[in-house]
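One structure is given below, encoded as structure tokens.
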Amino acid sequence: MTRDDARALYIEQRVANEKKSALAAYLLWFLLPMLGVHRMYLGRVGSGIIMLLLTGLGTLFAPVLIGYIPLAFVGLWWLIDALLIPGMISQGMAETRWRLMQES
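Here you go:
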């Protein structure tokens, strides 16, 4: 095994170790709907916080009816995220691989 092969094997092992679980992401998506926790778990902290804030504001203003607008937006976003989770996991793996290649 050459040095490059050993390095590539090491990088792939680290990528596999740091990979986020699809099961955990979908459980968070399903059990904590519209709170953005699944996005935070997958490393998308900014958009997860935005989702959480929009849900909070929508819930706060729902009695005045204007709150249903952000809730509808976040609800649609939440449904679309069900399709985006596998891509977010793949992108996270690619970013980890790139970072590790830059470090070594």
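Reading the sequence shown from the start, the letters are residues 1 to 104 in UniProt numbering.
Even glycine gets a Cβ: it sits at the ideal position worked out from N, Cα and C.
Rounded separation between residue i and residue j - CA only
{"i": "Trp98", "j": "Arg14", "result": "11 Å"}
{"i": "Gly46", "j": "Tyr68", "result": "22 Å"}
{"i": "Gly58", "j": "Val64", "result": "10 Å"}
{"i": "Tyr10", "j": "Glu95", "result": "16 Å"}
{"i": "Arg44", "j": "Glu18", "result": "15 Å"}
{"i": "Ala82", "j": "Leu28", "result": "11 Å"}
{"i": "Leu76", "j": "Glu103", "result": "39 Å"}
{"i": "Ala24", "j": "Leu54", "result": "23 Å"}
{"i": "Leu60", "j": "Ala16", "result": "41 Å"}
Buried or exposed by the 16-neighbour rule on C-beta atoms within 10 Å, applied to residue i
{"i": "residue 106", "result": "Beyond the ends of the chain as shown, which are 1 and 104, falls residue 106; an answer cannot be given."}
{"i": "Met101", "result": "exposed"}
{"i": "Asp4", "result": "exposed"}
{"i": "Gly87", "result": "exposed"}
Residue-chain proximity (residue i, chain C), Cβ-Cβ < 7 Å
{"i": "Ala22", "result": "Absent here is chain C; the protein component of the structure consists of one chain."}
Contact set for residue i: own chain, Cβ-Cβ below 7 Å, skip 5 residues either direction
{"i": "residue 127", "result": "Outside the shown range of the chain (1 to 104) lies residue 127, about which nothing can therefore be said."}
{"i": "Tyr26", "result": "Ile85"}
{"i": "Lys20", "result": "Tyr41, Leu42, Ile89, Gly92"}
{"i": "Arg7", "result": "Ser104"}
{"i": "residue 192", "result": "This structure leaves residue 192 out entirely; the chain is present only between 1 and 104."}
Range of the contiguous alpha helix (DSSP H) that encloses residue i
{"i": "Val64", "result": "Where Val64 is concerned, there is no enclosing alpha helix (DSSP H), given that its DSSP letter is neither H nor E."}
{"i": "Leu31", "result": "22–31"}
{"i": "Arg7", "result": "3–18"}
{"i": "Arg44", "result": "First-last for Arg44: undefined, no H or E at that position."}
Contacts around residue i, its chain only, beta-carbon distance under 6 Å, and the 5 residues preceding and following it disregarded
{"i": "Arg39", "result": "Ser47, Gly48"}
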